[in-house]
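Chains as they are written, first to last, in our numbering: chain G, 259 to 915; chain R, 190 to 477; chain U, 19 to 319; chain L, -8 to 159; chain H, 10 to 144; chain B, 4 to 338.
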């Protein structure tokens, strides 16, 4: 027979006012297996906890039930107290008689509350009888990190982890790290030059002896679990030997073929052998294979001829690199919704309707116009320029209901950049709300209007069309309540920030969650904003959702600190709420393997003494399992069970219902 | 103690009771309000646009003359107070404007005059405690609503007689006088002011709101410090009474009149005859 | 056809590749067919194939028959409907496609009521065929290593016919109390002999949850409550997997209309998730996968 | 007096069991408490990590143990703490609900819901709605009666027995 | 109503002049509407105080001039004292009146004022009225 | 031998008389188109066109599931259950079924007297009807019985050509019963009895030889032989549950926290965990061994230990077997 103690908390008057805790305690004392029960004013207080500890020792309790507030509040408290009194913490259960009883049943005669508390406590007592003592799981930690994405968030995470003395592999899809920030002209609200503050960080990352940068590379596969991941990275062929290339640029100079520059968003051309931008890190060119005449037709080869060190290698193949890491930081950033999505704004066909990012390039002194604002169609200086905010954002019909968060700010910045460059020009901004929540942000947007003469119109633009060399913008000014028409020279769309194409397939590879917009899900949006549901994988930057540079950098650093905390010991302890397979009875139907959201269950060979495979079993990897129990419900013959939530425990509770 | 006093246009005409009761009260409280020897109309409204320098000439002239007679000038009328004080601030803030005005009025005003309101004198110079001591005829349970209007309060930065959203200076005085001061939400709302010229409908509505708000909180009497407010409130109350037979008349009197009564002055001295709605039946009812 | 089958079996056993041919043979009095396990080429004459061959032999390929497994690689005589079970078993990893040689039999239907077949002079008339045969779209085996018999050109009716479907409609037309009463009636008769489970090749669990007692999932007593639970669980576990081979109902000594509940769930699976069991050994049964976009949830409030 | 009449006479209060996930609905129910909302007291919660953990047998067990109604609730699609547990649950429920419908367990008796951690009000409304509906449906005497019937030997033949032949 | 918005109007002399006389920068206004909310006479106005500023922001001074708003403003300064951006609508309206007077137009004809009014009304009202309504 | 006439018309009266005394009347009736023993209240419900009912009437004496104790609050407050047996008339039983009573009694009384069984049996009167038809699965004659055997019956009826029965009271219990219901069992002259059905006598079967074969451990241990015979057995309990002599049971506790019952439930030796030891060892680890056990039980252990029949030749196991495993074929094999 069990020796269970029942502790009923009055929570001051919070519980006592509608629950007769004394009655509950004495009723529960009558339960078979209960040898002790009591009430106390504040069970979670030090004296309350001491009472629990004392009772465990004095009455030799083998399990305790605390009827008090929600387990989300104090389960940890009481489990800790149990542990310190020598009782396995998982033999301590909490009954929620506050949030789900006394606070929602206002019957002051206490009849309802007492009855419900009795029922709930009885169910948990019965459940507790089936609780098994559980031990925390210890997992060894491989102290090397993988950072996916070489934008500012990824660079920051990599630098911080490396500065903490741990090795980092930084994987970037493009030929250079830098990400979207490298494209920006100036940054709000300080208006300092983006590249001026980014480039030193890029170089620092390149030179850091703990950071290994793999550009032009993508994560192919991730196996394992926290502390013990195995990552396979596909390193695409650059056709340039990185070890010998000096970055002299001769090849780029001499290459006779051009293609649209991805970095300049089609505003300019680049060579077929290229670095995306002059400050690229690493400063090693890559050959754009589909456009290279040598690679496609076997003719040309000029780059190879002019290359001093002979670094051009047309035979180079994609490479697969396998690395063992203990933690992963995902910082894959964002993309812009393409202008082609907006029929009312010309489907991206009106040349003088550009995206915000294209405007950044136009305004950037390293951009295609050298920082002069010329409109793309005829190179004229736009006298009137219209900025449209919330293009795609907050537009459920376009499938995006969220706010892209940074557009208000960068549009304000754009109006200023424009005013600084075209002094007598007039900038208009169509907005719906100004979201300038951030340090010095509101002041910034006001400055654009009050000092830099940007004309803000509250309303959406209904359509844009071309007439007589003008871009006619027709929208509403809801403040004056009228339809307004502006004959502009150029229009800039602050298009919605969206997730990267392929964000979902990467998430599936990593086993992390994503929302319907394919932005990655935090473990908890408030309290665990950089963790994912998969332990050991952290998030940084705009892959989580639209965010600005300081936020991305903060997340990068936050992820880094999480990684460093994880790496601070050789082993880590995990909650033992994990599934386990009764291997003697496993039917190897693989239902659990298919159903597991974490790929935590693997197919395991059963071998006889001679080493012959005689069958198969499912096997739960404790390191990966998060304890959701989907496998348990999926298993028809119930050979999988979830520690802490076993069928026996649940049944016992139902039986006492 | 003598205090230089600027009565302004109305206090010599329709608001004689205001002037009279104030002077008498001052006497009782031990000081004298000495009318400026030289004064002219303040212009009755302060020019809101700074580009309108012309309109500053009249008040500047008042200030100049007052300065010649002393270091400060006291007003009773809220409008005069507002115009003079704001003009003074405006001239002090912008020396160019001061020069322009001086040029125009051919004076050499330096901006050093202090413009004060009678209420400020009572609060800061005399002290409400002293007023309390001087009360000879406590007004019993009289429930009095203090109506500030606009000019005494706004703009706060320039005028600043008291907190601009929740002033209590009149209430404090009323309390000292032994009345029950009634706070009501519309006490700083506009009465309609000069719109009485041509838009009586607006005035009736706005003043009506003020009266209703005060009555709603239980006020039996409303005190003001502005002749235009007093006029508007009285006038609109007449039309209220035309349409609403159940409306119990609320005397609209100047705060100095009530002060005078509490200090034991006669009805004549308090100038009660000038008011359309007589407070005396009410006082009688209360046995005061 | 039988000759062809015996020839094939002989060839397979002779090649040494196959250890056992699981097929049908006559009982001693030649009144019924019964499963036989042929291991020697000379015994292949025992193999028969006719309208009496109702059994779904795929059950012998489950993990419950280690002694069959021990006989070596099996060749199984299978009608199209039996092959559906094999497909699900492959999808669920119970054996690999290559592990078993499937002798697919073209089939023109079987009859459960043997005496009726005999009364018809051994001829199988449509009236005595089970519903599955009337609606069969796999009379020509869809997955097999060898096909025995003439290809048939039978096409099933567009709208499925048979008592099972009428019964489903009839039950659906009842109110909740009526439906409950109907099933209570039938389930309460259940004697928990588990013939339905044992005869089903998809009930291959090494230990059925009814046999578990920590916790006791299902009351082992054959009273109405335990019977109800057992039958609900059985139906649920076969949801999205059952191929409607009909063996459970055939085996039931107390004639519980299990086909009705199984078919109903199959219809639900087809309507809700566009899944039909037993056609593609690559497709996982629908209950352990999901479709974020298309799974409807109008019933979840 | 029959069990049914007895319950009606004593003022029937339904017993309702709720299986909820730890992260959304349980937290939502907690929020209802922290917000001091009030709802009917007939529901007893069993907390599970995820709706994906809910085995249909739990629901059958609840009915066996005298539940007049069962409520199952978890995170909205996309909100699952374990990313996809509720999608699995959604599928399983679809099948199970159809099975229960077909076997005559009225849809009032078994209800499903998504309640997020912030939807305290929804939780309150849900509990009140389910309680009211189950109360109106009355005690689940059909299911509860199962344990009393056909016991011990050859019970009397039920009146409407209609033979089902093997499928022909 | 449909309006063309353009640089010429927004940056027009009339607006510039108005801002100079009033001393207020209309673009500082972010259209919270507090002025309209507190104005005791906004219910009578053709264009509410905040909207006056809006129209000026987008360069539509003629529409503003045509409205009765400036003649209804009593100058109570509720708007000004509560404006989070310290924009005084009253000053803007005053400047509008000034601009109107400078063009030689009066709002009322003095001769039409009844004598009884002049006799019974406090001087200050008359003075103030003249100041507000005639040049 | 007293022969009386049992008029068919009198059946309703008999039912009424039995029920009036608080007794129960069990007879074959149609359930799901199969004749099954069930308690009936109406003579019209009694089925006459059957070979043997789908179930055996052992259910009357030994219910499939019965409570033998109750408890409260998680296994506390245990209390026994009184045997709640009524006077029961089993009407229309077949002689083969009736013959099983002796076998069952021997099991339930040989060391511990199971009052749940004996009380029921003592209160039961078995009225059998000799078979006038049968099928190819019937083999009573091969186990030493006959379609008109009286063994186990209290009263044996034979059908007459005009649809009545001639009745023979076999036991004292039967005689008492006949005497008590003399208005039903009249002494008037009966019409000619219908000929009794003769099932095929399985020539090759010799029960003694079967017994000897089974005693021979080479036979017994011949895994290959048993494998070949019973490999196809799928391990369901259909045969044992329909068998009139199978008597194995299991005891389980079930119920909720608040109240529960200890129940005695039928069990079947064909179930794979029937002999599973707590250690995890299962002496009958393959299906053919389990099937062999059933055969042993029927033809060696019963006759050897109790000198009673283990098999009464009703043929149910042959009829219900989903894989057509035929006990008679094995009997022939081992003879």
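Ideal Cβ placement from N, Cα and C applies to all residues, glycine included. Since the structure is predicted, the reported quantities are computational estimates derived from the model, not experimental observations.
Are the C-beta atoms of residue i and some chain L residue less than 7 Å apart?
i	result
residue 315 of chain U	yes
residue 738 of chain G	no
residue 247 of chain U	yes
residue 318 of chain U	yes
On the criterion of 16 or more Cβ atoms from any shown chain inside 10 Å, does residue i qualify as buried, or is it exposed?
i	result
residue 206 of chain B	exposed
residue 115 of chain B	exposed
residue 689 of chain G	buried
residue 229 of chain U	buried
residue 103 of chain U	buried
residue 147 of chain L	With a pLDDT of only 46 at residue 147 of chain L, under the threshold of 50, the placement of this residue in the model should not be trusted; the figure read from the coordinates follows. Under this definition residue 147 of chain L is an exposed residue.
residue 446 of chain R	buried
residue 235 of chain R	buried
residue 501 of chain G	exposed
Mind checking if residue i is an interface residue toward chain H, Cβ cutoff 7 Å exclusive?
i	result
residue 413 of chain R	no
residue 386 of chain R	yes
residue 713 of chain G	yes
Quick check: is the beta carbon of residue i nearer than 7 Å to any beta carbon in chain U?
i	result
residue 65 of chain L	no
Closest Cβ-Cβ distance between residue i and chain G: below 7 Å?
i	result
residue 153 of chain L	Bear in mind that the predicted position of residue 153 of chain L carries a pLDDT of just 41, short of 50, making it unreliable; the figure below should be weighed with that in mind. For residue 153 of chain L, the answer is no, since every Cβ of chain G falls outside 7 Å of its Cβ.
residue 54 of chain H	no
List the whole-angstrom C-beta distance separating residue i from residue j, where the pair is believed to meet the contact cut-off of C-beta under 8 Å.
i	j	result
residue 247 of chain B	residue 103 of chain B	4 Å
Please check if any C-beta of chain B sits within less than 7 Å of the C-beta of residue i.
i	result
residue 212 of chain U	yes
residue 384 of chain G	yes
residue 271 of chain U	yes
Please state whether the Cβ-Cβ distance between residue i and residue j is less than 7 Å.
i	j	result
residue 132 of chain H	residue 268 of chain R	no
residue 512 of chain G	residue 560 of chain G	yes
residue 391 of chain R	residue 333 of chain R	no
residue 764 of chain G	residue 586 of chain G	no
Does the segment 895 to 909 of chain G touch the segment 809 to 828 of chain G, meaning 3 or more C-beta pairs lie closer than 8 Å? no
Determine contact between the segment 426 to 440 of chain R and the segment 461 to 468 of chain R, defined as no fewer than three beta-carbon pairs at a distance below 8 Å. yes
Contact between the segment 766 to 782 of chain G and the segment 791 to 798 of chain G: three or more CB pairs below 8 Å? yes
Is there contact here, the segment 252 to 265 of chain U with the segment 164 to 172 of chain U, by at least three beta-carbon pairs under 8 Å? no
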